[in-house]
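*Asks:*
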Amino acid sequence: MRAKRLALVAACLAAAHKKDYHVQKGDVVVIHVGKTCGGSVVDYVSKFTKLSEIHLRPVMPSDLDTAPLVVVVVRDPVDRVISAFNWHSANGGRPIKAAIREAASPRPDSILYHCFATVGAFADAVGAFAARPRVKNGKNKEVARTPTRCELIAAAFLAEDDGKRELGLPIADYHKAKTLHLTNEQRAGAPGFKNFYSQEHLSRGLSWYLTKKETRTALKKKDVWMVETADCEKDTKGAIEWLRRQGEALDEREAVDYYNSLRPGKKQRAQREFDFPKDHQVSHENRKDKYGGAMRTPEQEAVLETKLPADSTDKRVVRRRAALAAALAYEYERMNWLVGFSINYRVDGEGVPRPDDSWKR
């Protein structure tokens with residue numbers, strides 16, 4: 054057993070973990086949904102076992118074939134969307150000049166931030182799209198009010214079908230428009246949205262990663278571990294403990310000793326370097342190095358980074374969160390579906406996912 058475990062750590066520490074493209078046989082698979090704590094999970098788990106990360110692409114059934122454990126990193130859908138909006142917005146750390154330059158770009162995320170300076174304004178548009186009043190058309194029939202261009206793009210970003218119904222072609226497929234056999238009307242979609250595509254986390258929640266029915270069927274047959282962002286460290290350490298019990302991961306001391314044995318004569322790593330990362334978020338300084346240009350001022354940050362905190366009693370915040378939650382109802386359903394067969398979570402009597410430590414017995 055020890056020889057098997059040492060072989061595991063040799064494989065995972067002697068080389069970087071695999072990301073996105075090819076899942077290796079026998080690897081623990083981490084499904085890293087954007088704007089969760091997936092970066093910290095990958096960083097920590099890869100120190101103790103072989104790992105393949107799936108990020109920014111849907112999961113394929115074949116990805117799960119030989120995985121001893123599938124770790125799915127999730128977050129409350131509303132909080133994840135708020136974080137995604139703020140992180141990628143021009144006022145969330147990217148240079149203001151870049152936003153101005155991209156305002157006329159056909160990319161939907163550029164159009165999104167051209168429409169909405171804050172996540173609060175975005176949430177208002179989502180609510181307005183859903184609550185459009187019915188008006189009489191020329192034939193005296195009641196129809197829903199025609200949405201504005203910005204309402205369309207807001208709804209499309211949160212739609213389960215990636216905006217296919219709203220725009221005529223899913224956001225994720227717009228970069229393929231030239232290779233698809235589409236009519237000009239189909240290719241254009243809604244007015245002003247011709248041939249655009251998205252690289253946003255905003256529209257890529259848990260349901261997007263589990264798009265394929267075959268993937269969901271395969272996942273139900275696997276050992277699945279959920280990491281909730283609110284309990285990221287506890288849940289991730291629990292996954293490692295479960296893997297150790299299966300003989301699929303090393304403990305901290307073994308990992309440190311074996312890693313140092315691979316580097317004779319070099320600076321030795323201390324056990325504290327194998328602690329759970331406290332903060333994997335990109336700092337303002339690092340983001341400046343990455344993107345260049347001037348950073349936002351404290352005044353801009355205070356005005357433009359709306360957080361919509363869950364514990365707020367402000368009526369406007371409550372209304373905006375409710376609008377986002379209604380649009381993301383399918384995401385909550387998918388999370389509860391996942392909880393139904395995960396090792397470490399259960400849905401309580403009120404339909405809320407709760408940690409379940411019965412696996413420790």
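Numbering (my numbering), first residue to last: 54 to 414. No residue lacks a Cβ here, since even glycine has one placed at the ideal position from N, Cα and C.
(1) Between residue 84 and residue 276, which are expected to be in contact by the criterion C-beta below 8 Å, what is the C-beta distance as a whole number of angstroms?
(2) With a cut-off of 8 Å on the beta carbons, I'd call residue 117 and residue 271 a contact; round off their distance for me.
(3) Leaving out five residues before and five after residue 105 in sequence, what residues of the same chain have Cβ atoms less than 6 Å from its Cβ?
(4) Go ahead and label residue 408 buried or exposed: buried means 16 or more other beta carbons lie within 10 angstroms of its beta carbon, across all protein chains shown.
(5) Buried or exposed: where does residue 375 fall if 16 or more other Cβ atoms within 10 Å of its Cβ makes it buried?
(6) Is residue 282 buried or exposed, if buried means 16 or more other CB atoms sit within 10 Å of its CB?
(7) Could you check how far apart the C-beta atoms of residue 381 and residue 125 are, in whole angstroms? I think they sit under 8 Å.
(8) By the DSSP assignment, the beta strand (DSSP E) with residue 104 in it spans what residues?
(9) Going by Cα to Cα distance, which pick from 208, 297, 366, 273 is closest to residue 164?
(10) Rounded to whole angstroms, what is the Cα-Cα separation between residue 299 and residue 87?
(11) Closest by CA to residue 169, which one among 185, 203, 280?
(12) Looking at the secondary structure, which residues open and close the alpha helix (DSSP H) in which residue 141 lies?
(13) Using a 10 Å radius around the Cβ and a threshold of 16 neighbouring Cβ atoms, would you call residue 362 buried or exposed?
(14) Buried or exposed, going by whether 16 or more other CB atoms sit within 10 Å of the CB of residue 338?
(15) Comparing C-alpha positions only, which one of 93, 127, 137, 174 sits nearest to residue 370?
(16) Do the CB positions of residue 109 and residue 257 come within less than 9 Å of each other?
*Replies:* Taking the structure as given:
(1) Residue numbering aside, residue 84 sits at position 31 when the sequence shown is read from its first letter. Residue numbering aside, residue 276 sits at position 223 when the sequence shown is read from its first letter. In fact, because the Cβ distance is near 13 Å, the residues do not count as touching under 8 Å.
(2) On the sequence shown, residue 117 is found 64 positions in, with the first residue counted as 1. On the sequence shown, residue 271 is found 218 positions in, with the first residue counted as 1. Cβ-Cβ separation between residue 117 and residue 271: approximately 5 Å, consistent with a contact (criterion under 8 Å).
(3) Residue mapping note: residue 105 aligns to position 52 of the sequence shown, counting from 1. Answer for residue 105: 71, 76, 77, 80, 82, listed in chain order.
(4) For this step, residue 408 is matched to residue 355 along the sequence shown. Looking at its Cβ environment, which holds fewer than 16 other Cβ atoms inside 10 Å, residue 408 is exposed.
(5) As a first step, residue 375 is located in the sequence shown; it is residue number 322 there, counting from the start. Classification for residue 375: exposed.
(6) If you number the sequence shown from 1, residue 282 lands on position 229. Within a 10 Å sphere around the beta-carbon of residue 282 sit 16 or more other beta-carbons, which makes this residue buried.
(7) Taking the first residue of the sequence shown as position 1, residue 381 is located at position 328. Taking the first residue of the sequence shown as position 1, residue 125 is located at position 72. Incorrect: roughly 17 Å between the Cβ atoms, too far for contact.
(8) Counting from one through the sequence shown, the residue named residue 104 turns up at place 51. Start and end: 104-107.
(9) Along the sequence shown, read from residue 1 onward, the residue named residue 164 stands at position 111. Nearest Cα to residue 164 within the set 208, 297, 366, 273: 208.
(10) If you number the sequence shown from 1, residue 299 lands on position 246. If you number the sequence shown from 1, residue 87 lands on position 34. For residue 299 and residue 87, the distance between alpha carbons rounds to 29 Å.
(11) Counted from its first residue, the sequence shown places residue 169 at position 116. Cα-wise, what sits closest to residue 169 is 203.
(12) Residue numbering aside, residue 141 sits at position 88 when the sequence shown is read from its first letter. First-last of the alpha helix (DSSP H) with residue 141: 130-141.
(13) For this step, residue 362 is matched to residue 309 along the sequence shown. Looking at its Cβ environment, which holds fewer than 16 other Cβ atoms inside 10 Å, residue 362 is exposed.
(14) As a first step, residue 338 is located in the sequence shown; it is residue number 285 there, counting from the start. Since pLDDT at residue 338 reaches only 40, below the 50 mark, its modelled position is unreliable, and no value is offered.
(15) To locate residue 370, count along the sequence shown from 1; it is residue 317. Of the candidates 93, 127, 137, 174, the one whose C-alpha sits nearest the C-alpha of residue 370 is 174.
(16) One-based indexing of the sequence shown puts residue 109 at position 56. One-based indexing of the sequence shown puts residue 257 at position 204. Yes, the pair counts as a contact, with Cβ atoms nearer than the cut-off.
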